[in-house]
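Here the working numbering runs 245 ahead of the position in the sequence shown, where the first position is 1.
Just so it is clear, CB atoms sit at the ideal spot from N, CA and C, and this is done for glycine as well.
Note that the structure is predicted; figures quoted are calculated from it, not measured.
Taking it in order: structure first as structure tokens, then the write-up.
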Amino acid sequence: MPFLTLLDTYPSSNRDASSLPTQQELLIVFAEQFGLELENLGTQPLDVLNVIEASRRAGHVLPGLDAEQAERMLGVIQHHTRLMVDFQPDRFEGDMLLFMATEDRDSTPSPSTWKSYVTGDIAVHEIACRHADMSLPAPLSTIGRLVEQHLRSLT
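Here is the structure:
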């Protein structure tokens with residue numbers, strides 16, 4: 246039986262391109278992805294180079310990441326954000342595993358928003374982290390173990 250696994254993602258209810266985040270708003274998200282507190286920038290303007298340098302000083306960025314790579318990463322975030330406005334998922338024939346970050350969930354949709362897109366069961370697993378931290382070793386270890394358990398239950 247096929248199944249779909251998602252990491253803290255939800256169908257978009259916003260189809261209005263005018264409500265896309267600004268470059269500055271995306272930079273704030275980008276900085277948070279590196280674990281940077283914006284206060285660490287001091288009086289520096291919020292731009293990619295300053296985010297990378299402040300993150301590096303705080304010990305949060307991979308040493309080899311340069312400004313050009315960071316700009317490309319920000320471009321990917323912008324592109325994915327634009328794609329979400331137009332994307333309408335098809336109905337998935339099977340079960341879904343949804344790994345939901347439990348920290349900082351202020352405006353995150355409910356897992357039930359997937360119900361009309363999935364024919365099977367939706368198993369929600371709460372992961373004690375922020376969305377931005379889902380790919381860190383500890384959350385991924387938990388996620389991997391739960392996916393393995395699910396796969397074993399299918400045989």
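Review point. Between LEU283 and ALA276, is the Cβ-Cβ spacing less than 8 Å?
Key: Yes; because the gap between Cβ atoms is below 8 Å, this pair is in contact.
**Study point:** One or two residues paired with VAL363 in a DSSP bridge
**Key:** In the DSSP output, where bridge partners are listed per residue, VAL363 has PHE337.
Check your understanding: Near GLU316, which residues of its chain fall below 7 Å by C-beta distance, leaving aside the five closest residues on each side in sequence?
Key -> The residues are VAL293.
Point to revise | Close Cβ partners of LEU385 (< 8 Å) along its chain, the five nearest in sequence each way excluded | key: Cβ within range, chain order: MET379.
**Study point:** Closest by C-alpha distance to GLN268, when choosing among LEU342, THR326, SER398, VAL392
**Key:** Of the candidates LEU342, THR326, SER398, VAL392, the residue whose Cα lies closest to the Cα of GLN268 is THR326.
Practice item. Please decide whether ASP340 counts as near chain D, where near means a Cβ-Cβ distance under 8 Å. Key: Reference to chain D is not applicable here, since this structure consists of a single protein chain.
Point to revise | Nonlocal neighbours in the same chain, by C-beta distance under 8 Å from LEU271, ignoring five residues either side | key: Cβ within range, chain order: LEU319, ILE322, GLN323, THR326.
Practice item. Could you tell me which of CYS374, PRO290, VAL369, GLY280 sits nearest to HIS395, measuring between CA atoms? Key: When CYS374, PRO290, VAL369, GLY280 are compared, the shortest CA-CA separation from HIS395 is found for VAL369.
Exercise for review: For THR346, count neighbouring C-beta atoms within 10 Å of its own C-beta (all shown protein chains included) and say buried if the count is 16 or more, exposed if not.
Suggested key: Per the sequence shown, residue 346 should be read as Ala rather than Thr. By the neighbour-count definition (other C-beta atoms within 10 Å, threshold 16), ALA346 is a buried residue.
Check your understanding: How would you label GLN278, buried or exposed, when you count the other beta carbons within 10 angstroms and need 16 or more for buried?
Key -> Only buried fits GLN278, as 16 or more other CB atoms lie within 10 angstroms of its CB.
Check your understanding: For ALA303, which three-state DSSP category applies?
Key -> The answer is coil: DSSP assigns ALA303 none of H, G, I, E or B.
Check your understanding: Using the C-alpha atoms, what's the distance from LEU328 back to VAL363?
Key -> When rounded, the distance between both Cα atoms is 21 Å.
Exercise for review: List the whole-angstrom C-beta distance separating ILE372 from PHE344, where the pair is believed to meet the contact cut-off of C-beta under 8 Å.
Suggested key: Between PHE344 and ILE372 the Cβ distance is about 5 Å, and since that is below 8 Å, they are a contact.
Check your understanding: What does a CB cutoff of less than 8 Å around LEU291 pick up in its chain, not counting 5 residues either side in sequence?
Key -> Answer for LEU291: GLN269, LEU272, ILE273, ALA276, LEU283, listed in chain order.
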